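Everything below concerns the one structure shown next.
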Amino acid sequence: MQDNLKPMFADVPAELDIAIVGSGPAGLSAAARAQQLGCKYVLFESENHASDTIYKYQKGKHVMAEPGFLPLRSGMSFEAGKRESILGTWDSQLLNQKINIQYKKTLSKISKLNNGAGPFELTCEDGTATTARTVILGIGLQGNIRKIGTAGDDLPNVQYTLADPDEFNNETIIVIGAGDAAIENALALMKNNKVVLINRKDEFARCKEGNLNQILAADRNEDLRIFYNTSTSAVEEIPEAKEGEPTLNYRYKGPEGEQAMPVHRIIARLGATPPRGLVESFGVTFPNSDPNAVPALSETYESNVPGLFIVGALGGYPLIKQAMNQGHEVVDSIMGLPVVPADEPLLAEKFKPLGDVSVSTVLDMILENVPLFNQMTRLQLREFMLESTLHQPKKGSVIFHKGDYTSTFFAIVQGGVGIELVNKEGKPFILNLDKGNYFGEMGLISGRRRTATVYAGENCVLIETPRKAMLKLIASVDAVRRTLDETFVRRALSTHLAPQLEPQEIEQLIASGISVTRYVRGEKLFSEGDKTDGLHLIRRGSVAVSKLIDDQDSVLSYVSAGSYVGEIDLVDGTDRQTTCTATVLTEVLLIQADAVIDVLSKNSNWKKALQAKIGKRVHDSIFRESTAKRESDLIHFLMKQGLGDATNALVIDENLCVHCDNCERACAETHDGIPRLDRDAGPTFQNIHLAHSCRHCEQPHCMKDCPPDAIRRNEKGEVMIADTCIGCGNCAKNCPYNAIELRVKPPPRKTGLLSWLLFGAGGPLGERPVKYDANSIKKAYKCDLCHGKEGGPACVRACPTGAAFRISPEVYLNQQNELI
């Protein structure tokens, strides 16, 4: 051992300084560092080879070295490359460095001798035992694979790993998952098979950037399809299937409802859960009962058991480079060497606005001041902050404006902010939020405009987190998701849905239990005649409220995110009097009926406010019912065409349109000769025509699959494509409304408008020379609402009869009697 080392528990007698359990990347790196320092150590591995998790990767898998900005700190080599190359390098280094590794050693027990004062005793299943002053646990998660969790998830040809994708040919294969393993399996299988990748979310939030780019690029290949917002309902065996035919019937629920698909094979890559029972038997505690929780660790990776350290995936860090850095650093900590984490310089740069304070001090302040982030381990917080930005805005400066289309999340670390709201009398007031609070969660989840303007207070320090990083946190830490759900209900009720309620009454509603349900387009939240189950708060999407009139389902109103439905039946004490149907993918939080009824019985002000609102709705419904037969078909048509997705749709009144095509020509002239709309294309109902033009959706389908991230929505809600477009076509493929085209940008017109009008030179408005290289690189083009042009969209301004107009769903669904 080197002379300058001051190891932990040096006065405790033991055979070893360090026992390392698990030869994954973290364990290998720890062993290499222990060997360098001359420690007494051993590396236990339960298999007959090192790094079993990577060993079980599919053959030929390209292993990435993420995150790219993080330097590697280890005595073992690692760079992006093939599975076989990485394993070969590590096997060679194990021999060359004379690492003391013992194979086929499965740990069964870890205990501290002498009532906790002595060394650790490690007992293996073969009966052998050894003592060590410290233990590094790097056993990973692979022993606790998550299953699909539906009927048929254990049938033959339903598998949870993939060793060699070349084993399968000419099959239809379902791959379930949105992480790196699922993406890599799908990419490898599509070479010789038809593959469908199932993602229960609407984007890939947890995968590496390189994998994200590859899967989005592959989505336009005919051998691979991605189903978003899709979940597994059941897996059924197809009886008496002939050789070569599909043997499984895969039932799933997607945006179009319940469907089924015959397939040969299902591969579910749903990750794994920590081996909690085993780890707890070692004395390690977890922060909560969440099955996905990781052990609570110090900044040096030490658990609550002094001298027992946890690294790698078991500690919440599945990335290879992170794990290798941890293994190296933890040995230095054990041996008394100063340790500066590899990400320390990066975080120090981010925290510069706070002055000359250490990274550790800032992290302590965040954990102490922001309770929401207490649900994360300190190591998770470090990673979270690498993706976030720290701000110190001046007092009175605007964080964001009401009506902005932005989706970042803000947490208040110091000081406070003022939120400009309007009370029930219509008077503006400022709601102050101080440190520990957060805001921006509605824009994050619903995709709708910001509902208020927020101003910075005195000494304000904010953490701004991008949408993708926040969604990753919500998906990873269940306690954060639950807290955000409860906060949505609390704020929605107290600020605008039920300001009459006292705080304790709101807490009573929350304590009754909140269930979150997603509904696909056309799915019913409840039907006329159903038992009343509670109050439905719409957090995302929109719904249509309808009623049977003369045996016809007639739509009475449209309700969007931020409002609620179902209150009439709760106040009246009746079964459901209407049917409520999702018009787009909709997320609803349900407050239980018993709790709502109990609070209504105690709070007469809330009951009176609801009764007044109900009276207005009934009055509106009576008028609406008288015209429902005429109007309902139009609403059904608009909803079927996906207008609930839109924030700004082009609608043409065919009674006024003279088919002059001025709208198209004006659009082309405004956009360098490329029209961004097709007036003639698109569906028509009665006199209402929906031309092919971008609708600037609340949750833009085009944005989720753009490899260069060239599609952005600005603060006004305009969805635009930047010049960084590479012409991959993903956006055009994902747009369900045919609003995006891949085209070659033509050269400019040779003559101007006046030359054509006065002298007949050149071509008419919007036309360009015919001869240009049509085989040059195509790029994506779509309506940008004439961004930056005075007067708004050129198509509307150029219409001589006023037939063309752009309108939001709230207007056209609640004023459709003026449209027909």
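Take the sequence shown: its position 465, counted from the start at 1, is 777 in our numbering, and no numbers get skipped. All C-beta atoms in this analysis are idealised placements derived from N, C-alpha and C, irrespective of residue type, glycine included. Computed from a predicted structure; not experimentally measured.
Alpha helix (DSSP H) segment containing residue i, residue limits
i, result
"Gln816", "Pro815 to Ala823"
"Gln634", "Ile632 to Ile646"
"Gln1011", "That residue, Gln1011, is in no alpha helix (DSSP H); it is neither H nor E in DSSP."
"Thr673", "Val671 to Asn681"
"Val1108", "Ala1106 to Ala1110"
"Ala978", "Asn974 to Thr982"
Residue i, enclosing beta strand (DSSP E) - first and last residue
i, result
"Pro574", "Gly569 to Val575"
"Lys859", "Ser854 to Ile861"
"Thr795", "Per DSSP, Thr795 belongs to no beta strand (DSSP E); it is in the alpha helix (DSSP H), Asp790 to Ala804."
"Gly566", "Leu560 to Gly566"
"Glu433", "Phe432 to Cys436"
"Ser827", "Ile826 to Tyr831"
"Val508", "Lys506 to Ile510"
"Leu620", "Leu620 to Ile622"
"Asp965", "Ala961 to Asp965"
"Ala810", "That residue, Ala810, is in no beta strand (DSSP E); it is neither H nor E in DSSP."
"Thr765", "Thr765 to Ala768"
"Thr701", "Thr701 to His703"
"Ala463", "Where Ala463 is concerned, there is no enclosing beta strand (DSSP E), given that its DSSP letter is neither H nor E."
"Phe381", "Looking at the DSSP string, Phe381 is not in any beta strand (DSSP E), and its letter there is neither H nor E."
Residue(s) in a DSSP beta bridge with residue i
i, result
"Ile1023", "Ile1033"
"Gln305", "Since the first and last residues shown for the chain are 313 and 1132, residue 305 lies out of range."
"Asp865", "Leu860"
"Ala580", "Ile488"
"Asp746", "Gly728"
"Asp990", "His1004"
"His1099", "DSSP lists no partner for His1099."
"Lys1091", "Arg1055"
"Ala375", "Residue identity differs from the one stated: residue 375 is Val in this sequence, not Ala. Bridge partners of Val375: Gly393."
"Pro740", "Val734"
"Glu548", "Asn561"
"Val470", "Ile578"
Coil, strand or helix - residue i by DSSP
i, result
"Ile457", "strand"
"Phe356", "strand"
"Tyr415", "coil"
"Ala331", "strand"
"Ala553", "coil"
"Phe321", "coil"
"Leu882", "helix"
"Cys892", "strand"
"Ile1038", "coil"
"Tyr369", "coil"
"Thr898", "strand"
"Ser839", "coil"
"Arg1080", "Low confidence applies to Arg1080: its pLDDT is 48, below 50, so where it sits in the model is not reliable, and the reading given next is rough at best. Note: Arg1080 maps to coil in three-state DSSP."
"Gln904", "strand"
"Val596", "coil"
"Phe685", "helix"
"Gly834", "coil"
"Ala530", "helix"
Supposed contact pair residue j and residue i - C-beta distance, whole angstroms, cut 8 Å
i, j, result
"Leu809", "Tyr876", "6 Å"
"Glu357", "Lys417", "6 Å"
"Val911", "Leu1054", "Incorrect: roughly 55 Å between the Cβ atoms, too far for contact."
"Arg1007", "Asp957", "6 Å"
"Arg762", "Gly715", "6 Å"
"Ile826", "Leu805", "Contact doesn't hold; Cβ gap of about 11 Å is too wide."
"Asn456", "Thr585", "5 Å"
"Asp965", "Ala1106", "Not really, about 18 Å apart at Cβ, beyond 8 Å."
Pairs of beta-carbons, one from the stretch 333-344 and one from the stretch 611-625, closer than 8 Å: are there three or more? yes
Using a Cβ distance threshold of 8 Å, determine whether the stretch 699-718 contacts the stretch 763-770, with at least three qualifying pairs required. yes
May I ask you to verify whether the stretch 570-581 touches the stretch 471-487, counting CB pairs closer than 8 Å and requiring at least 3? These segments touch.
Quick check: the stretch 604-618 against the stretch 682-694, are at least 3 beta-carbon pairs closer than 8 Å? The stretch 682-694 vs the stretch 604-618: in contact.
Does the pairing of the stretch 476-491 with the stretch 505-512 give three or more beta-carbon distances under 8 Å? yes
I'd like to know if the stretch 665-673 and the stretch 632-645 are in contact, where contact means that at least 3 CB-CB pairs between them fall below 8 Å. no
Counting beta carbon pairs with one atom in the stretch 829-842 and one in the stretch 894-902, are three or more of them shorter than 8 Å? yes
Evaluate the contact criterion for the stretch 999-1018 versus the stretch 1040-1053: three or more CB pairs, one atom per stretch, below 8 Å. yes
Is the stretch 668-682 touching the stretch 918-927 in the sense that three or more CB pairs, one from each, lie closer than 8 Å? Output reads no: the stretch 668-682 does not touch the stretch 918-927.
For the 8 Å Cβ check, are there 3 or more pairs between the stretch 395-409 and the stretch 369-381? yes
Hey, is the stretch 444-463 in contact with the stretch 375-392, meaning 3+ C-beta pairs nearer than 8 Å? Verdict: no, contact absent.
Would you check if there are 3 or more beta carbon pairs closer than 8 Å linking the stretch 418-425 to the stretch 549-563? no
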